[in-house]
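Residue numbers (my numbering), protein chains in the order written: chain A, 37 to 210; chain B, 6 to 143.
Virtual Cβ for every residue (Gly too), placed ideally from N, Cα, C.
Here's the structure, in structure tokens; my notes come after.
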Amino acid sequence: MNIELMANGTPSFGTTRGASETARLVAEQVEQGLRRLLGSYSLGLARRQTFEQLYDLADECRAPNWDGYDASPIMPRTIGVASRFLEALPIGTRMPIVGAEPDGEVTFEWYRSPRRILSVSISPGGEIHYAALLGSSKAYGTEPFFGEVPGVILQLVRRVGSDERRNHADNSEG
Amino acid sequence: MKEETTPTTVKDDEWLARFILFRKWIRSSDQTLRPDAFIPYPLPNLSVTRHLELTPIEILEIGQAIADQRGTKLLGRGDVQASIPRGQMLQIEAAPIEGNLNHANINGWPTDKPAQKMIAQEIAARASFVAMPVDTGD
């Protein structure tokens, strides 16, 4: 059978019974595609909100002593590296919570409980310092950032989120 | 607390308060503290206040005075027992200062950042956040 697109972009099917069944199947697929598209929009929203948190942080911490304990300001260069890190997170990765450390580094936190947490610090020089508590296990170290999120970080993100059911949809892209 | 009665040795079961003056150090989801609040900076010390015999109001007053002095807002405090940082091989030293005779420093931190973060996570995981009766705005 022929399926043609009409001038307004909607698919046009024949009028036979077989064509109607096919049309129904196609319509279901279109609907599923639309759902995925709408899902993609809302998931993109999570990433956008994370960027907004980052820019709010930049504004809040641009002067020294933002923590009341003589913290160093967060430099624009650090925000730039942090932005590139966020951009490099693969689609489907749960978005982190944005924070700051008193030495002027931006932090991204994946948190499930106080003993199931990954914290990543972004330095102005492009170093990624990370530490994770995963029950009784620990992992920490430093990785360079060259535009791709290091595999060890992505593995830890997955481990923090593993078995997670609650609140996942609120803060994820996949 | 009067100066002459402030013990110089910090016991393991003493409670220490870290005043919280930055809202992003508090997780709004469950009112716990982020490890960022326990990163020592400037090195080598992490500044805390010993509870000793202070009442909650007196602790609040010290924190408020610090916040006022620094032009920021007191959001609350993170309480942790001295045994927790000691369990991470840190030392706690009484360091009275003007206006806060219960002031102490947690020192002995490693110099590399990942190790500091790991210890800060351990402390934060055992700390309790006590919010001040103000809106954290988070």
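Restricted to the region 80-130 of chain B, the alpha helix (DSSP H) segments that are unbroken, complete and at least 4 residues in length are 88-92, listed in chain order. Distance between His56 of chain B and Ala72 of chain B, taken at the CA atoms: about 18 Å. For Gln36 of chain B, no Cβ of chain A is located within less than 8 Å of the residue's own Cβ. Interface residue (Cβ-Cβ distance to chain B less than 8 Å): Leu93 of chain A is classified as such. In the displayed model, Glu141 of chain A falls within coil according to three-state DSSP, outside both helix and strand. Not a single C-beta of chain B is nearer than 8 Å to the C-beta of Thr86 of chain A. Between Glu145 of chain A and Arg131 of chain B a beta carbon distance of about 17 Å is seen, past the 8 Å cut, so the two are scored as non-contacting. Counting only the Cα atoms, Asp84 of chain B lies some 14 Å from Gln126 of chain B. In the three-state reduction of the DSSP assignment, Pro150 of chain A falls in the coil class, being assigned neither a helical nor a strand state. Taking Ile153 of chain A as reference, the option from A:Arg195, A:Asp139 and A:Phe87 with the minimal CA-CA separation is A:Arg195. Per the C-alpha coordinates, the member of B:Ile111, B:Leu21, B:Ile128 and B:Phe134 positioned closest to Glu58 of chain B is B:Leu21. For Thr143 of chain A, the nearest CB of chain B lies under 8 Å from its own CB, placing it at the interface with that chain. Judged by DSSP secondary structure, Gly177 of chain A falls within the beta strand (DSSP E) whose first and last residues are Ser173 to Pro180. One finds Asp106 in chain A with Cβ atoms closer than 7 Å to the Cβ of Pro47 of chain B, taken in chain order.
Shown here for Ala94 of chain A: same chain residues with a beta carbon closer than 7 Å to its own, the five before and five after excluded, namely Ile110 and Ile115 in chain order.
Along the region 123-155 of chain A, going in chain order, the ones with a CB nearer than 9 Å to a CB of chain B are Ile133, Val134, Gly135, Ala136, Glu137, Pro138, Asp139, Gly140, Glu141, Thr143, Glu145, Tyr147, Ser149, Pro150, Arg151, Ile153 and Ser155. Minimum Cα-Cα distance from Thr178 of chain A among the listed residues A:Leu170, A:Gly161 and A:Gly171 corresponds to A:Gly161. Ala100 of chain B sits away from Ala87 of chain B, with the two beta carbons spaced by 8 Å or more. With three or more CB-CB distances shorter than 8 Å, the region 113-122 of chain B counts as touching the region 169-189 of chain A.
The three-state reading of DSSP puts Thr86 of chain A in helix, counting H, G and I together. With respect to the C-alpha of Gly76 of chain B, the residue from A:Pro112, A:Gly187 and A:Asn101 having the closest C-alpha is A:Asn101.
Around Gly171 of chain A, the same chain offers Arg151 and Arg152 as residues with beta carbons nearer than 8 Å, after the five sequence neighbours per side are excluded.
Look at the region 166-191 of chain A: the residues with a C-beta under 7 Å from a C-beta of chain B are Tyr166, Ala167, Leu169, Lys174, Tyr176, Gly177 and Thr178.
Secondary structure note for Ala72 of chain B: its alpha helix (DSSP H) is the uninterrupted segment Pro61 to Arg75. The beta carbon of Glu98 of chain B sits closer than 7 Å to the beta carbons of Ala109, Asn110 and Asn112 from its chain, once the five residues preceding and following it are set aside; these are given in chain order.
Ala136 of chain B is not a Cβ neighbour of Phe43 of chain B, given a cutoff of 8 Å. Spatial neighbours of Ser159 of chain A in its own chain (CB-CB distance under 6 Å, excluding positions within 5 residues in sequence) are listed in chain order as Glu141. A straight line joining the alpha-carbon of Ser133 of chain B with that of Val156 of chain A spans about 22 Å. Contact with chain B is absent for Ser119 of chain A, since none of that chain's Cβ atoms lies less than 8 Å from the residue's Cβ. 8 Å or more divides the Cβ of Tyr46 of chain B from the Cβ of Ala167 of chain A. Apart from the 5 residues on each side of it in sequence, Pro90 of chain B sits with its Cβ closer than 7 Å to the Cβ of Ile97, Ile111 and Ile128 in its chain, given in chain order. Contact check for Trp114 of chain B against Leu26 of chain B fails: the beta carbons are separated by 8 Å or more.
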